[in-house]
Structure formats: structure tokens, C-alpha cells
Amino acid sequence: MADRDRIKDKTEPGIEAAMGSTDRISDLDPALIDHSFIEDRMEPTDANYRRLRESIAAQGQTSPILIRPHPAEPGRYQAAFGHRRLRAAAELGRPVRCIVRPLTDRDLVIAQGQENSARADLSFIEQGRFAIALQDRGYSRETIMQALSLDKASLSRLVRVTDRLPTDIVEAIGPAPAIGRNRWMALSLAFRKYAADRPVDPLLEDASFIYAPSDQRFDLLYRHLTRPAILAKRKPSPSRRYRNSAGQTIATATQTETTTTVTIDRTVTRAFGEFLLGRLDALYAEYMAGHPAEPHKPPVLWHSIER
Numbered sequence: 001m002a003d004r005d006r007i008k009d010k011t012e013p014g015i016e017a018a019m020g021s022t023d024r025i026s027d028l029d030p031a032l033i034d035h036s037f038i039e040d041r042m043e044p045t046d047a048n049y050r051r052l053r054e055s056i057a058a059q060g061q062t063s064p065i066l067i068r069p070h071p072a073e074p075g076r077y078q079a080a081f082g083h084r085r086l087r088a089a090a091e092l093g094r095p096v097r098c099i100v101r102p103l104t105d106r107d108l109v110i111a112q113g114q115e116n117s118a119r120a121d122l123s124f125i126e127q128g129r130f131a132i133a134l135q136d137r138g139y140s141r142e143t144i145m146q147a148l149s150l151d152k153a154s155l156s157r158l159v160r161v162t163d164r165l166p167t168d169i170v171e172a173i174g175p176a177p178a179i180g181r182n183r184w185m186a187l188s189l190a191f192r193k194y195a196a197d198r199p200v201d202p203l204l205e206d207a208s209f210i211y212a213p214s215d216q217r218f219d220l221l222y223r224h225l226t227r228p229a230i231l232a233k234r235k236p237s238p239s240r241r242y243r244n245s246a247g248q249t250i251a252t253a254t255q256t257e258t259t260t261t262v263t264i265d266r267t268v269t270r271a272f273g274e275f276l277l278g279r280l281d282a283l284y285a286e287y288m289a290g291h292p293a294e295p296h297k298p299p300v301l302w303h304s305i306e307r
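Mapped onto UniProt numbering, the consecutive letters of the sequence shown carry residue numbers 1 to 307.
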């Protein structure tokens with residue numbers, strides 16, 4: 001399985017890289033440790049988190065988190081990475097194992113990003129949001145590339161795709177772990193093209209969307225936006241109206257490639273529908289007498305009577 005599917009709390013390459021030869025591991029009260037000033041995860045309470053919490057409850061925390069002394073609040077700390085382990089320790093009422101190291105803001109975001117890259121457990125859109133958050137804080141492209149372990153072209157694509165969608169849309173969908181760059185790009189193009197004609201707010205407020213898994217929320221929104229593109233390809237069905245001597249429409253016939261539909265308006269002529277239905281067998285027999293080469297089966301002919 002891919003790295004994102006691993007749930008055991010064990011030392012990862014990012015942890016080993018973060019630890020120096022003189023680093024010491026300390027046990028601290030989770031209440032003393034604040035989260036990083038940059039958010040990386042969109043939905044911290046997912047199935048993987050619950051399994052991680054259960055693993056720590058059963059086996060203890062074997063992999064320390066990286067923290068720094070808080071730059072603005074003496075006696076407190078700020079996490080660079082390990083936020084889920086920090087949360088699990090707090091919920092379990094136990095100390096959290098930490099590496100405490102002086103870090104600049106730049107050091108912190110690089111360590112945070114590289115740890116997530118080493119574990120490969122941030123989705124595409126979470127990486128994009130992380131990159132844009134760093135960009136908005138003025139960090140250079142080189143720093144963001146280093147934090148996410150991406151080359152210049154990959155980072156440009158990541159930021160471009162993420163930046164094309166409104167923040168509220170991305171937050172409504174969530175991390176969508178199974179959705180990669182190409183599908184997010186397709187969604188952004190569909191949103192720009194169709195959102196004006198297909199408002200998304202009613203869907204985003206619908207319970208079937210809100211309580212669906214994140215990947216399914218992506219699919220629901222994409223189908224909602226692209227449905228007009230599919231419908232636009234359908235040619236309108238030709239129709240013909242039949243009127244009586246007074247100019248009133250007594251019947252409307254609509255044809256497609258596979259069906260012919262005749263609608264009788266009973267408010268104009270109540271008995272004509274029954275008359276036509278009663279003559280169908282005879283009419284079809286008359287038709288077949290002149291077309292003997294056609295298969296002897298009823299035509300695709302539907303009649304509806306408007307009351």
C-alpha cells in the first residue's frame with residue numbers, strides 16, 4: 001500500500017532527518033503546545049486519525065513530534081509537525097513525546113512540509129492550500145519548493161490549480177484524498193465555465209452533500225457543474241402541433257431518434273384520445289400492409305392524454 005495508508009505511529013524518514021545527534025526527547029503536557037501558524041490538514045478527524053489514536057492508546061507514542069519554544073509566549077511551545085499525535089495525546093490525557101529545537105519561522109514550515117511529504121499523507125488540494133498559505137505569508141518559491149519537496153514546474157501547477165477555485169468551494173469538498181491534479185483541474189475549468197448557470201450553493205447546503213465522504217463530495221459537485229455540458233449536446237426534439245378549425249391545439253407530436261410521442265389535450269377534445277387509442281391496432285395493420293418487409297412488431301409509439 002502507499003505511504004498514506006500506513007497508520008502505525010513509527011519513526012519516518014522525515015523524523016529521522018529532523019533529529020540531530022544532540023536532540024533529546026522530552027515528555028510535555030499537550031496543553032503547553034500550540035499548533036503551527038500554517039494549517040496543513042483540512043479534516044483532522046478521519047479514519048486514519050482514529051486508527052492512529054487507537055494505536056497510540058494501545059502501544060504508546062513511539063515517534064516524537066517536533067516543536068519549538070513559542071516565539072511570542074514564554075513557557076509555551078509551537079508544533080512544527082506531529083499535530084495528530086499531539087491531539088491524540090491530549091485526548092488520551094497523556095504527555096506527548098517531543099523534540100524541542102529552536103526554529104525560525106522558515107525552519108518550521110520547511111520541517112512541517114517535509115515531514116508531510118515524507119509520510120505522503122497530504123492530498124493534492126491540501127498541499128496546494130499549504131503552498132498558497134506560505135505564498136500569502138511572503139515565503140519565496142524556493143522555500144515552498146523545499147518545504148513540499150517539489151520542483152518549480154510541479155509547484156507552479158499545484159498553485160495554479162488550487163488558486164483557480166474559490167476557498168469556500170475547496171473547504172466544502174475537503175481533502176478528497178483520492179482526487180489528483182488532473183481532476184481538480186477539470187473541476188476548476190468546469191466551475192469557471194458553468195457556475196453562473198448552475199449555482200452550487202443549494203448543493204453545498206444539501207445534507208446528501210454535507211454528510212458524504214470528501215471524495216464523493218468532489219464527484220457530486222463535478223457532476224452538478226458538468227451536467228449542462230452533457231445536456232447541451234442533445235439536439236432539441238422536433239415537435240408538431242395539430243389544431244382544429246378553431247385554431248386550438250388538439251395534439252402535439254414529438255419525435256426523437258427512438259420514439260414518437262403524441263400528446264392529446266383532453267381539455268379541447270375529450271373523446272379524441274380514446275378514439276385514437278381504439279384505432280391503433282387497425283392503423284398499425286393498415287401500415288404493415290403497405291410495408292411488408294418491416295418486422296412485425298409494434299412501433300415505438302407512446303400516447304399520453306392530458307387531463
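Quick reminder that beta carbons are idealized off the backbone N, C-alpha and C, glycines included.
Query, Result
"With C-beta atoms as the reference, is Ala153 less than 8 Å away from Ile144?", "no"
"Can you check DSSP and say which residues form a bridge with Ser208?", "In DSSP, Ser208 forms no bridge with anything."
"Between Ser140 and Val170, what straight-line distance do the alpha-carbon atoms span, to the nearest angstrom?", "24 Å"
"Taking the alpha-carbon positions, what's the Asp265 to Tyr194 distance?", "37 Å"
"Pairs of beta-carbons, one from the region 147-163 and one from the region 208-218, closer than 8 Å: are there three or more?", "no"
"Excluding the 5 residues preceding and the 5 following Pro30 in the sequence, name in chain order all residues of the same chain whose CB lies nearer than 7 Å to its CB.", "Leu86, Ala89, Ala90 and Val96"
"Mind reading off the beta-carbon distance from Ala178 to Ile38? Whole number of angstroms is fine, and I expect it under 8 Å.", "Contact flag wrong, Cβ pair sits at about 24 Å."
"Cβ of Ile56 within 8 Å of Cβ of Cys98?", "no"
"How many Å lie between Val262 and Ala285 at the Cα?", "19 Å"
"Taking the alpha carbon of Arg94 as the point to measure from, which residue in Gln61, Ile67 and Arg157 has its own alpha carbon closest?", "Gln61"
"For Pro102, tell me which candidate among Asp23, Leu283, Leu225 and Leu277 has the shortest Cα-Cα distance.", "Asp23"
"Spatial neighbours of Arg240 within its chain, please: CB distance less than 6 Å, with the 5 preceding and 5 following residues excluded, ordered by chain position.", "Ala253"
"What does a CB cutoff of less than 6 Å around Ala289 pick up in its chain, not counting 5 residues either side in sequence?", "none"
"How about Pro175 and Ser123: are their beta carbons less than 8 Å apart?", "yes"
"For Ile110, which residues does DSSP report across the bridge?", "In the DSSP output, where bridge partners are listed per residue, Ile110 has none listed."
"Could you give the DSSP three-state label for Phe218: helix, strand or coil?", "helix"
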